[in-house]
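S.K.:
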Amino acid sequence: MGRPLLIGITTDYEPSESDRGARFFLKESYVTYFSTPHSMVLLLPFSATADTDELDFLDGFVLSGSGPDIPPSFYGEEQRVFPGDWMDPRRVNLELSILSRAEKAGVPLFGICGGFQTMNVSRGGSLIQDLPMERPGPIRHQGSSHKAVFSGFLKDLSGRGEATVNSFHHQGVKRVGSGLEVIGVSTEDNLVEAFRDPSHPFLLGVQWHPERMPPEDPVSRILRDSFFDACRSYREKKRPR
């Protein structure tokens, strides 16, 4: 049956505020979602993976969500949220490096929530720094669920025009990055919920958390399986002949 797929997932980071020390971590839901009898998860802390050349053995990358936000300097804006909770720049730089290398090599990429936002920033896109402040609307995006309308690839993949998705974020896509095709928006406030790069074998990002949806959720299962299919194809192509 061969070895399992090797999926690298970027981690969150919590600086030291006590004698317990700083820590890298990944929520269990990611491990549960991406770990199957045919796949294995490897955590990618920024301190251990500065040289992305060393990650060629992986079959796919997941850019995970994050509690802290991407510093606005990465998309050319001034900070408008104070005091703010900002992601460590070393994590942002690692994810940008992974994106750059994987895009050129055709490695499958799946961005979730904060990872979706990093994908957008990497293409020159920008973010709404705080939805309640900058774009107040009918949806409370922090800890709720709502309908999203699918189009194009996502509609074809899922076999449905809309679905209920969860929401655990206070930022969102403002200017869509270059080369990204919007394939999902929230029905009530038209916020971008999903995009992809149609020129890449599999570069897809979603604003919601499929790993935190119920296990029986069909869209979450289809997204993961499609990502895994792309990872298998990539592994076959890079295998020595």
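Residue numbers for the sequence shown, in numbering that gives the first Met the number 0: 0 to 240.
Note that the Cβ used here is the ideal one computed from N, Cα and C, for glycine as well.
#1: Kindly indicate which three-state DSSP category residue 189 falls into: helix, strand or coil?
#2: Per the contact definition of three or more C-beta pairs closer than 8 Å, is the segment 194-204 in contact with the segment 100-109?
#3: Tell me which same chain residues have a C-beta within less than 6 Å of the C-beta of residue 176, skipping the five on either side of it?
#4: Answer with buried or exposed for residue 145, where buried requires no fewer than 16 other C-beta atoms within 10 angstroms of its C-beta.
#5: From residue 168 to residue 7, what distance separates their C-alpha atoms?
#6: Rounded to the nearest angstrom, what separates residue 19 and residue 165 at their Cα positions?
#7: Between 1, 127 and 206, which has its C-alpha nearest residue 70's C-alpha?
#8: Leaving out five residues on either side along the sequence, give the residues of the same chain with a beta carbon under 6 Å from the beta carbon of residue 95.
#9: How is residue 198 classed by DSSP in three states: helix, strand or coil?
#10: What's the C-alpha gap between residue 213 and residue 220?
#11: Under DSSP, the alpha helix (DSSP H) around residue 91 begins and ends at which residues?
#12: Which whole-angstrom value describes the C-beta separation of residue 90 and residue 24, a residue pair presumed to lie in contact below a C-beta threshold of 8 Å?
#13: Could you give the first and the last residue of the continuous beta strand (DSSP E) run that contains residue 59?
#14: Taking residue 22 as the reference, give the member of 29, 157 and 14 with the closest Cα.
#15: Please report how far the alpha carbon of residue 88 lies from the alpha carbon of residue 29, in whole angstroms.
#16: Mind checking whether residue 113 and residue 34 have CB atoms under 8 Å apart?
#17: Does the pairing of the segment 144-162 with the segment 179-188 give three or more beta-carbon distances under 8 Å?
#18: If we count the other Cβ atoms within 10 Å of its Cβ and call it buried at 16 or more, is residue 58 buried or exposed?
#19: So, are the CB atoms of residue 115 and residue 204 less than 8 Å apart?
#20: Quick check on residue 113: does DSSP put it in helix, strand or coil?
#21: Would you check if the distance between the CB atom of residue 51 and the CB atom of residue 97 is smaller than 8 Å?
#22: What residue does the beta strand (DSSP E) around residue 210 start on, and which one ends it?
#23: According to DSSP, what are the bridge partners of residue 232?
#24: Could you say which of 171, 143, 159 and 155 lies nearest to residue 132 if we only look at CA atoms?
#25: Taking 7 Å as the limit between beta carbons, can you name the residues of its chain near residue 160, skipping five residues before and five after?
#26: Could you tell me the alpha carbon to alpha carbon distance between residue 61 and residue 230, rounded to whole angstroms?
M.R.: Once the coordinates are examined:
#1: Walking along the sequence shown from the start, residue 189 turns up at place 190. It is coil, neither helix nor strand.
#2: Result yes; three or more Cβ-Cβ pairs closer than 8 Å.
#3: The count along the sequence shown starts at 1 and reaches residue 176 at position 177. For residue 176, same chain residues with a beta-carbon under 6 Å away, outside a window of 5 residues either side, are 119, 122, 123 and 124 in chain order.
#4: Taking the sequence shown and counting its residues from 1, the one referred to as residue 145 is at position 146. Counting Cβ neighbours within 10 Å, residue 145 comes out buried, since at least 16 surround it.
#5: In the sequence shown, counting from the first residue as 1, residue 168 sits at position 169. In the sequence shown, counting from the first residue as 1, residue 7 sits at position 8. Between residue 168 and residue 7, the C-alpha separation is close to 23 Å.
#6: Looking up residue 19 in the sequence shown gives position 20. Looking up residue 165 in the sequence shown gives position 166. Rounded to whole angstroms, residue 19 to residue 165 spans 33 Å at the Cα level.
#7: Against the sequence shown, residue 70 aligns to sequence position 71. Comparing Cα positions, the closest option is 127.
#8: Locating residue 95 in the sequence shown gives position 96, counting from the first residue. 121, listed in sequence order.
#9: In the sequence shown, the residue the question calls residue 198 occupies position 199. The answer is coil: DSSP assigns residue 198 none of H, G, I, E or B.
#10: Here the question's residue 213 lines up with position 214 in the sequence shown. Here the question's residue 220 lines up with position 221 in the sequence shown. Distance between the alpha carbons of residue 213 and residue 220 is about 10 Å.
#11: In the sequence shown, the residue the question calls residue 91 occupies position 92. Unbroken alpha helix (DSSP H) run through residue 91: 88-104.
#12: By one-based count along the sequence shown, residue 90 stands at place 91. By one-based count along the sequence shown, residue 24 stands at place 25. That pair is no contact at about 12 Å.
#13: Within the sequence shown, the letter at position 60 stands for residue 59. Element bounds for residue 59: 59-62.
#14: Counting from 1 along the sequence shown, the entry for residue 22 is found at position 23. Nearest of 29, 157 and 14 to residue 22, Cα basis: 14.
#15: In the sequence shown, counting from the first residue as 1, residue 88 sits at position 89. In the sequence shown, counting from the first residue as 1, residue 29 sits at position 30. Straight-line Cα distance between these residues: approximately 22 Å.
#16: Position 114 of the sequence shown, counted from the start, is the residue given in the question as residue 113. Position 35 of the sequence shown, counted from the start, is the residue given in the question as residue 34. Contact flag unset, no.
#17: Touching, per the Cβ criterion.
#18: Locating residue 58 in the sequence shown gives position 59, counting from the first residue. It counts as buried.
#19: Working through the sequence shown from its first residue, we reach residue 115 at position 116. Working through the sequence shown from its first residue, we reach residue 204 at position 205. In this structure, residue 204 lies closer than 8 Å to residue 115 by Cβ.
#20: Counted from its first residue, the sequence shown places residue 113 at position 114. Note: residue 113 maps to helix in three-state DSSP.
#21: Taking the sequence shown and counting its residues from 1, the one referred to as residue 51 is at position 52. Taking the sequence shown and counting its residues from 1, the one referred to as residue 97 is at position 98. Yes. Within cutoff.
#22: Along the sequence shown, one-based indexing puts residue 210 at 211. Per DSSP, residue 210 belongs to no beta strand (DSSP E) and is neither H nor E.
#23: Mapped onto the sequence shown, residue 232 falls at position 233. Residue 232 pairs with nothing; no bridge assigned.
#24: Reading the sequence shown from its first residue, position 133 is the one you call residue 132. When only C-alpha atoms are compared, the closest one is 171.
#25: Position 161 of the sequence shown, counting from 1, holds the residue named residue 160. Answer for residue 160: 148, 149 and 154, listed in chain order.
#26: By 1-based counting over the sequence shown, the position of residue 61 is 62. By 1-based counting over the sequence shown, the position of residue 230 is 231. Cα-Cα distance, rounded: 11 Å.
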